[in-house]
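**Student:** First the structure, which I've put down as structure tokens, then a few questions once you've had a look.
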């Protein structure tokens, strides 16, 4: 079966309603029922609870508490690199931005402008730059950390669809990451601006940042924006910046500066928070 046929049912599903229902279930404390759901999920997706700060499923009041669980100190050392991987997950794609075009999968590209919500001035800063797209599977740790030191400038909520973001959907849905709901975080760093985009998906109840809290819901039809120029939100490399309440994808954009990605990175390669992502050259 082709990827386009495989994802056809997603066009027909009531994705917004399913996501709202999933968010309610995941945030509701249900005692033993919550524990049974967590135990099933751990077994189904082979979640490594030996790394969790709290390894007992019964210790989580809601599924979201479990899903956004903290890790034990020291289990994700931060590499001595200019840019480190911000999440646990798997490489979807990475490399050069060709003009304003980001490679999604064979036969599919999307523009930087579309990704950031139509802001052409912001997108222009990443023309011919670099990008990395990393997919977080259900079994992964779902907090997002900083790839380098950064000072927050803006946050933009962009409404959109809620397709799944797994590899099959990335191959089958054109412009997927610029089509789904997303939160665009714009930072300044010692090497210029960079963007970290949290992409929503089916059953992703919400996305949150450490400086704002839950960004969605509410889900609106309009782009929303927050400016932080006077608020001095500064985060260090490896520090937590946000989390997904149920899984998704992150997309990073960097400007056209000399940069060499980890030579072992390739599509579908598993990656871990804190490992070397790229160094300046």
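Numbering (the working numbering), first residue to last: 1 to 281. Even glycine gets a Cβ: it sits at the ideal position worked out from N, Cα and C. Just so it is clear, the structure is predicted and the values come from calculations on it, not from any experiment.
1) If you measure between the beta carbons of residue 255 and residue 125, is that distance less than 8 Å?
2) Alpha helix (DSSP H) containing residue 123: first to last residue?
3) What residue range does the beta strand (DSSP E) around residue 278 cover?
4) Could you check if residue 221 is buried or exposed, using at least 16 other CB atoms within 10 Å of its CB as the buried criterion?
5) Under 8 Å, do residue 199 and residue 224 count as touching if we go by C-beta distance?
6) Secondary structure at residue 248, three-state DSSP: helix, strand or coil?
7) Hey, out of 257, 248, 117 and 42, whose CA is closest to residue 91's CA?
8) Could you compute how far the alpha carbon of residue 194 sits from the alpha carbon of residue 103?
9) Tell me whether residue 37 sits in a helix, a strand or coil according to DSSP, three-state version.
10) Exposed or buried, which one is residue 207 when buried takes at least 16 other CB atoms within 10 Å?
11) Tell me, please, whether the segment 107-119 touches the segment 234-246 by the rule of three or more beta-carbon pairs shorter than 8 Å.
12) Would you mind stating whether residue 156 and residue 129 have Cβ atoms separated by less than 8 Å?
13) Give the secondary structure of residue 64 by DSSP, where H, G and I count as helix, E and B as strand, and everything else as coil.
14) Could you check the C-alpha separation between residue 99 and residue 140 for me, to the nearest Å?
15) When the Cα atoms are used, what is the spatial distance from residue 234 to residue 197?
16) For residue 86 and residue 142, which I take to be in contact (beta-carbon distance under 8 Å), what is that distance rounded to the nearest angstrom?
17) Could you name the residues of the same chain whose beta carbon sits closer than 8 Å to that of residue 190, not counting the 5 residues immediately before and after it, in chain order?
18) Note the first and the last residue of the continuous alpha helix (DSSP H) segment covering residue 113.
19) Secondary structure at residue 239, three-state DSSP: helix, strand or coil?
20) Do you know how far the Cα of residue 43 is from the Cα of residue 30?
21) Thinking just about the alpha-carbon of each residue, which of 37, 244 and 72 is nearest to the one in residue 302?
**Tutor:** For this structure:
1) Locating residue 255 in the chain shown gives position 255, where the first residue counts as 1. Locating residue 125 in the chain shown gives position 125, where the first residue counts as 1. Less than 8 Å separates the beta-carbon of residue 255 from that of residue 125.
2) Here residue 123 is taken as the residue at index 123 of the chain shown, counted from 1. Run containing residue 123: 120-124, per the alpha helix (DSSP H) assignment.
3) The count along the chain shown starts at 1 and reaches residue 278 at position 278. Run containing residue 278: 276-280, per the beta strand (DSSP E) assignment.
4) As a working note, residue 221 is residue 221 in the chain shown. Taking all protein chains shown into account, residue 221 has fewer than 16 neighbouring C-beta atoms within 10 Å of its C-beta and is therefore exposed.
5) Translated into the one-based positions of the chain shown, residue 199 becomes position 199. Translated into the one-based positions of the chain shown, residue 224 becomes position 224. No. Outside cutoff.
6) Translated into positions along the chain shown, residue 248 becomes position 248. Looking at residue 248 - three-state DSSP - the assignment turns out to be coil, as it is neither helix nor strand.
7) As a first step, residue 91 must be located in the chain shown, where it is residue number 91. Considering only alpha carbons, the answer is 248.
8) The sequence position of residue 194 within the chain shown is 194, counting from 1. The sequence position of residue 103 within the chain shown is 103, counting from 1. Their Cα atoms are separated by approximately 18 Å.
9) Looking up residue 37 in the chain shown gives position 37. If DSSP states are grouped into helix, strand and coil, residue 37 belongs with the helices.
10) Counted from its first residue, the chain shown places residue 207 at position 207. The residue in question, residue 207, is buried, as its Cβ has 16 or more Cβ neighbours within 10 Å.
11) Of all C-beta pairs linking the segment 107-119 to the segment 234-246, fewer than three are shorter than 8 Å, placing the two stretches out of contact.
12) Counting from 1 along the chain shown, the entry for residue 156 is found at position 156. Counting from 1 along the chain shown, the entry for residue 129 is found at position 129. Going by C-beta atoms, residue 156 is not nearer than 8 Å to residue 129.
13) For the purposes of this step, residue 64 is taken as the residue at position 64 of the chain shown. DSSP places residue 64 in helix when its eight states are reduced to three.
14) Taking the chain shown and counting its residues from 1, one reaches residue 99 at position 99. Taking the chain shown and counting its residues from 1, one reaches residue 140 at position 140. For the pair residue 99 and residue 140, the Cα-to-Cα distance works out to about 33 Å.
15) By one-based count along the chain shown, residue 234 stands at place 234. By one-based count along the chain shown, residue 197 stands at place 197. Cα-Cα distance, rounded: 17 Å.
16) What you label residue 86 is simply residue 86 of the chain shown in a count that begins at 1. What you label residue 142 is simply residue 142 of the chain shown in a count that begins at 1. 12 Å between Cβ atoms; not a contact.
17) As a working note, residue 190 is residue 190 in the chain shown. Cβ contact annotation for residue 190 (same chain, cutoff 8 Å, sequence separation greater than five): 148 and 149, in chain order.
18) As a position in the chain shown, residue 113 is number 113, starting the count at 1. Unbroken alpha helix (DSSP H) run through residue 113: 112-115.
19) For the purposes of this step, residue 239 is taken as the residue at position 239 of the chain shown. If DSSP states are grouped into helix, strand and coil, residue 239 belongs with coil.
20) Counting from one through the chain shown, the residue named residue 30 turns up at place 30. Counting from one through the chain shown, the residue named residue 43 turns up at place 43. If I take the Cα positions, the gap works out to 19 Å.
21) Missing from the structure shown is residue 302; the chain here goes from 1 to 281 and no further.
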